[in-house]
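With the sequence shown counted from 1, adding 307 to any position gets you my numbering.
Let me begin by presenting the structure, written as structure tokens, before commenting on it.
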Amino acid sequence: MGLHEKVLGGNTFAFFTRNPRGGKTKDIDRADIDALNKLLRNEKFGPLVAHAPYTMNLCSSKPEIREYSKRVFQEDLARIEMLPGNCLNFHPGSHTGLGTEKGIEIIADVLNETLRPDQSTTVLLETMAGKGTEIGKTFGELKAILDLVRADVQCHLGVCLDTCHIWDAGYDIVNDLDGVLNHFDEVIGIERLYAVHLNDSKNPCGSHKDRHEKIGKGCIGKEALMKVVTHPVLQGKPFILETPNDDDGYKAEIAMVKEDAPRSKEAMNSIYHRISVRKYEDKAVEKEKIMEILKAGMQAPSAGNQQPWEFYVVTDKNKIQQLSKCSSYAGCAANAPVVIVPVYKKEGVRFPGMVLEDMSIAQENMWLMTDSLGLGGVWLGIAPVPDRMENVKKVLNLPDNLEAFSLFPVGYPAESRPQQDRFDESRIHFVQ
Ligand code: FE
Ligand code: FE
Ligand code: ZN
Numbered sequence: 308m309g310l311h312e313k314v315l316g317g318n319t320f321a322f323f324t325r326n327p328r329g330g331k332t333k334d335i336d337r338a339d340i341d342a343l344n345k346l347l348r349n350e351k352f353g354p355l356v357a358h359a360p361y362t363m364n365l366c367s368s369k370p371e372i373r374e375y376s377k378r379v380f381q382e383d384l385a386r387i388e389m390l391p392g393n394c395l396n397f398h399p400g401s402h403t404g405l406g407t408e409k410g411i412e413i414i415a416d417v418l419n420e421t422l423r424p425d426q427s428t429t430v431l432l433e434t435m436a437g438k439g440t441e442i443g444k445t446f447g448e449l450k451a452i453l454d455l456v457r458a459d460v461q462c463h464l465g466v467c468l469d470t471c472h473i474w475d476a477g478y479d480i481v482n483d484l485d486g487v488l489n490h491f492d493e494v495i496g497i498e499r500l501y502a503v504h505l506n507d508s509k510n511p512c513g514s515h516k517d518r519h520e521k522i523g524k525g526c527i528g529k530e531a532l533m534k535v536v537t538h539p540v541l542q543g544k545p546f547i548l549e550t551p552n553d554d555d556g557y558k559a560e561i562a563m564v565k566e567d568a569p570r571s572k573e574a575m576n577s578i579y580h581r582i583s584v585r586k587y588e589d590k591a592v593e594k595e596k597i598m599e600i601l602k603a604g605m606q607a608p609s610a611g612n613q614q615p616w617e618f619y620v621v622t623d624k625n626k627i628q629q630l631s632k633c634s635s636y637a638g639c640a641a642n643a644p645v646v647i648v649p650v651y652k653k654e655g656v657r658f659p660g661m662v663l664e665d666m667s668i669a670q671e672n673m674w675l676m677t678d679s680l681g682l683g684g685v686w687l688g689i690a691p692v693p694d695r696m697e698n699v700k701k702v703l704n705l706p707d708n709l710e711a712f713s714l715f716p717v718g719y720p721a722e723s724r725p726q727q728d729r730f731d732e733s734r735i736h737f738v739q
């Protein structure tokens, strides 16, 4: 299914963990899973957002439906755990007469029983339209569920925002998107928002209908939905289309969204996608890719444009082993196919006091390029720690005037997980 999405032009996708109308699961083939994990890493797919079946209703008034739903939820969570670091989204449920409060309690009970502190999947509650007795039609209801869940699994729990659903629920994202997102932040906290279902709606705001429409063909409209796509607070999140389309329709919609959303350009994606990768596949990195990475490094700004850098590219296995012992934090370099060592001139630069800043930017540029090439790396600090610098200097036989700045192992990633959202508004101080 990953390849299929690639053809359509996307870099994430949703899928049902089984037939969306419920039913039995197929056994999963380990080789299939390995192949898919590999494809997701190599093609730089963002976090996937699996969808639990619609037939699941954790808080039904009928005990047998509750039992069935809990079993399905637990099985599907176990299945998605085979694709580490992705999301499983579900509709909180319809209380069918039990009342909202009781429903919220039952949903939270299942989460408490099911989630594990060591799981890698993030479970997402979807915002709902408020059709019938649906729970999750207000941000407050979702927050009430989250609040009843154990502290030690909170980090594996978040929210998926469906544009059609919140519009139908009465949140006016056409006239006041900022207000709606601020409200989300106040009630739930924007850091709990992991994914967006991007849909237009066949019905007006507050209709509680839940009928999806193609982007631009419904009551929300293209302009408002593009503001969602480009909203700064939502950058780097997976956007999933659930519009009534066939493959050609999706292809056209993905192309349209990309074209109209300049912020979702490659560099921005890498800023949000980049993570520290410490495990690599046993596969060489092509020379052209190394050169791209070094080009990005040398494109960095520096004090007085002094460009204090040079780069050692180490592929000799023996040397890599020795480098991995140069700092107690560098062990992971040992299994990398290549280690780039940015070094800097001690003398002969105009602003020696600014050299470490210059090198840091070059390092970050290299790291972003590494990510955008489908590779992974990690910045292992060497300067300004004297014994680490001395160790690297010896291994590489550096001339007197050059000092090692860092070790940057690079390779095809053998691990993945979503980048954390590190935005923290309390750290911003407006002085006006
Ligand atoms: Fe859904
Ligand atoms: Fe949805
Ligand atoms: Zn829907």
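Even for Gly, the Cβ is constructed at its ideal location relative to N, Cα and C.
Checklist entry - Can the beta-carbon of Ala415 be found closer than 8 Å to that of Val456? => result Here residue 415 refers to the residue found at position 108 when the sequence shown is read from its first residue. Here residue 456 refers to the residue found at position 149 when the sequence shown is read from its first residue. Result yes, Cβ atoms of Ala415 and Val456 sit closer than 8 Å.
Item to check | Where Met598 falls, given that 16 or more other Cβ within 10 Å makes a residue buried | outcome: As a first step, residue 598 is located in the sequence shown; it is residue number 291 there, counting from the start. It is exposed - the Cβ of Met598 has fewer than 16 other Cβ atoms within 10 Å.
Item to check | Residue nearest to Val379 in terms of C-alpha spacing, selected from Leu346, Asn704, Ala711, Leu418 | outcome: For the purposes of this step, residue 379 is taken as the residue at position 72 of the sequence shown. Residue Leu418 is the option with its Cα nearest to Val379.
Checklist entry - Taking three-plus beta-carbon pairs below 8 Å as touching, is the stretch 438-447 in contact with the stretch 370-379? => result no
Next on the checklist: Any heavy atom of ligand 3 closer than 7 Å to the beta-carbon of His472?
Outcome noted: Counting from one through the sequence shown, the residue named residue 472 turns up at place 165. Yes - ligand 3 has a heavy atom lying nearer than 7 Å to the Cβ of His472.
Next on the checklist: Let me check understanding here. Comparing Cα to Cα, which of Ile600, Glu697, Gly718 lies closest to Asn708?
Outcome noted: Taking the sequence shown and counting its residues from 1, the one referred to as residue 708 is at position 401. The residue with the shortest Cα to Cα distance from Asn708 is Glu697.
Next on the checklist: Suppose you measure from the CA of Tyr361 to the CA of Ser631; what does that come to, to the nearest Å?
Outcome noted: Translated into positions along the sequence shown, residue 361 becomes position 54. Translated into positions along the sequence shown, residue 631 becomes position 324. So the two alpha carbons sit approximately 50 Å from each other.
Checklist entry - How big is the Cα-Cα spacing for Glu617 and Ser667? => result Taking the sequence shown and counting its residues from 1, one reaches residue 617 at position 310. Taking the sequence shown and counting its residues from 1, one reaches residue 667 at position 360. Cα to Cα, Glu617 sits roughly 13 Å from Ser667.
Next on the checklist: On the DSSP letters alone, give me the boundaries of the beta strand (DSSP E) that Phe323 sits inside.
Outcome noted: The residue labelled residue 323 in the question sits at position 16 within the sequence shown. First-last of the beta strand (DSSP E) with Phe323: 321-323.
Item to check | Beta-carbon proximity of Tyr478 to Thr429, cut-off 8 Å | outcome: Translated into the one-based positions of the sequence shown, residue 478 becomes position 171. Translated into the one-based positions of the sequence shown, residue 429 becomes position 122. It is not a contact, given that the beta carbons lie outside the stated cut-off.
Checklist entry - Mind checking whether the beta-carbon of Asp517 lies closer than 7 Å to any heavy atom of ligand 3? => result Your numbering for residue 517 matches position 210 in the sequence shown. Within the cutoff, so yes.
Checklist entry - Beta-carbon of Gly465 versus every beta-carbon of chain B: anything under 8 Å? => result Absent from the structure is chain B; it holds one protein chain and no more.
Next on the checklist: Could you tell me the alpha carbon to alpha carbon distance between Arg570 and Ala531, rounded to whole angstroms?
Outcome noted: Here residue 570 is taken as the residue at index 263 of the sequence shown, counted from 1. Here residue 531 is taken as the residue at index 224 of the sequence shown, counted from 1. Low confidence applies here, because Arg570 scores a pLDDT of 49, under 50, leaving its location unreliable and the question unanswered by this model.
Checklist entry - Rounded C-beta distance between Ser427 and Asp475? I'm assuming under 8 Å. => result Start at 1 with the first residue of the sequence shown, and residue 427 comes out as number 120. Start at 1 with the first residue of the sequence shown, and residue 475 comes out as number 168. Contact flag wrong, Cβ pair sits at about 32 Å.
Checklist entry - Which residue from Ile582, Met563, Ile335, Ala458 puts its Cα closest to that of Gly392? => result Mapped onto the sequence shown, residue 392 falls at position 85. Nearest C-alpha to Gly392: Ile582.
Checklist entry - Under a Cβ-count criterion, where at least 16 other Cβ atoms within 10 Å of its own Cβ denotes burial, should Gln451 be classed as buried or exposed? => result Walking along the sequence shown from the start, residue 451 turns up at place 144. Strictly speaking, residue 451 in this sequence is Ala, with Gln absent from that position. With 16 or more other Cβ atoms within 10 Å, it is buried.
Item to check | Beta-carbon contacts of Asn672 that lie in its chain and below 7 Å, excluding the five residues immediately before and after | outcome: Sequence index remark: in the sequence shown, residue 672 carries index 365 (1-based). Taken in chain order, the residues that qualify are Ala603, Gly604, Gln606, Ala607.
Next on the checklist: If you follow the beta strand (DSSP E) that Arg649 is in, where does it begin and where does it stop?
Outcome noted: As a position in the sequence shown, residue 649 is number 342, starting the count at 1. The residue you asked about is not Arg; residue 649 is Pro in the sequence shown. From DSSP, the beta strand (DSSP E) with Pro649 extends over 645-652.
Next on the checklist: The beta strand (DSSP E) that contains Ala669, what's its start and end?
Outcome noted: Here residue 669 is taken as the residue at index 362 of the sequence shown, counted from 1. Careful: Ala669 lies outside any beta strand (DSSP E), inside the alpha helix (DSSP H) at 662-679.
Checklist entry - Where does Pro716 fall in DSSP's three states? => result The residue labelled residue 716 in the question sits at position 409 within the sequence shown. If DSSP states are grouped into helix, strand and coil, Pro716 belongs with the strands.
Checklist entry - When the distance is taken between beta carbons, is Cys526 closer than 8 Å to Asn510? => result The residue labelled residue 510 in the question sits at position 203 within the sequence shown. The residue labelled residue 526 in the question sits at position 219 within the sequence shown. Against a cut-off of 8 Å, the Cβ pair of Cys526 and Asn510 comes out as a contact.
Item to check | Between the CA atoms of Lys700 and Tyr619 - distance to the nearest angstrom | outcome: Within the sequence shown, the letter at position 312 stands for residue 619. Within the sequence shown, the letter at position 393 stands for residue 700. Going from the Cα of Tyr619 to the Cα of Lys700 covers about 11 Å.
Checklist entry - Can you give the Cα-Cα distance for Thr622 and Tyr651, rounded to whole angstroms? => result On the sequence shown, residue 622 is found 315 positions in, with the first residue counted as 1. On the sequence shown, residue 651 is found 344 positions in, with the first residue counted as 1. Rounded to whole angstroms, Thr622 to Tyr651 spans 20 Å at the Cα level.
Item to check | Cβ contact check for the stretch 638-658 and the stretch 558-566: 3 or more pairs under 8 Å | outcome: no
Checklist entry - What do you reckon, are the CB atoms on Leu484 and Ile547 nearer than 8 Å? => result In the sequence shown, the residue the question calls residue 484 occupies position 177. In the sequence shown, the residue the question calls residue 547 occupies position 240. Cβ atoms of Leu484 and Ile547: not closer than 8 Å.
Item to check | Beta bridge counterpart(s) of Glu520 as assigned by DSSP | outcome: Sequence index remark: in the sequence shown, residue 520 carries index 213 (1-based). DSSP, once it has assigned bridges, lists Asp507 as partnering Glu520.
Checklist entry - Going straight from the alpha carbon of Lys624 to that of Ser634, what length do you get? => result Translated into positions along the sequence shown, residue 624 becomes position 317. Translated into positions along the sequence shown, residue 634 becomes position 327. So the alpha carbons of these two residues sit roughly 17 Å apart.
Item to check | Among Tyr719, Trp686, Val584, Ile497, nearest to Asp733 - alpha-carbon criterion | outcome: Residue mapping note: residue 733 aligns to position 426 of the sequence shown, counting from 1. For the sequence presented, residue 733 should be read as Ser rather than Asp. Taking only the C-alpha atoms, the option nearest Ser733 is Ile497.
Item to check | Residues bridged to Asn396 [DSSP beta-bridge criterion] | outcome: Walking along the sequence shown from the start, residue 396 turns up at place 89. DSSP, once it has assigned bridges, lists His358, Leu431 as partnering Asn396.
Checklist entry - Which partner residues does Trp616 have in the DSSP bridge list? => result Taking the first residue of the sequence shown as position 1, residue 616 is located at position 309. Paired residues: Tyr651.
Checklist entry - Taking only runs of the alpha helix (DSSP H) that begin and end inside the stretch 435-496, which ones reach a length of at least 4 residues, in chain order? => result 446-454, 470-476, 484-494
Checklist entry - Where DSSP assigns a beta bridge to Leu418, which residues make up the other side? => result Within the sequence shown, numbered from 1, the residue matching residue 418 stands at position 111. Its beta-bridge partners do not exist; DSSP assigns none.
Checklist entry - Cβ of Asp469 within 7 Å of any heavy atom in ligand 3? => result For the purposes of this step, residue 469 is taken as residue 162 along the sequence shown, with counting starting at 1. Yes - ligand 3 has a heavy atom lying nearer than 7 Å to the Cβ of Asp469.
Item to check | Reference Leu395; option with closest CA among Val460, Phe322, Asn364, Ile411 | outcome: As a first step, residue 395 is located in the sequence shown; it is residue number 88 there, counting from the start. If we check each option's Cα against that of Leu395, Phe322 comes out closest.
Checklist entry - With respect to the alpha helix (DSSP H) encompassing Phe380, which residues constitute its N-terminal and C-terminal limits? => result For the purposes of this step, residue 380 is taken as the residue at position 73 of the sequence shown. Run containing Phe380: 370-387, per the alpha helix (DSSP H) assignment.
Next on the checklist: According to DSSP, is Ala502 part of a helix, a strand, or is it coil?
Outcome noted: Position 195 of the sequence shown, counted from the first residue, corresponds to residue 502. Residue state, collapsed to three classes: strand.
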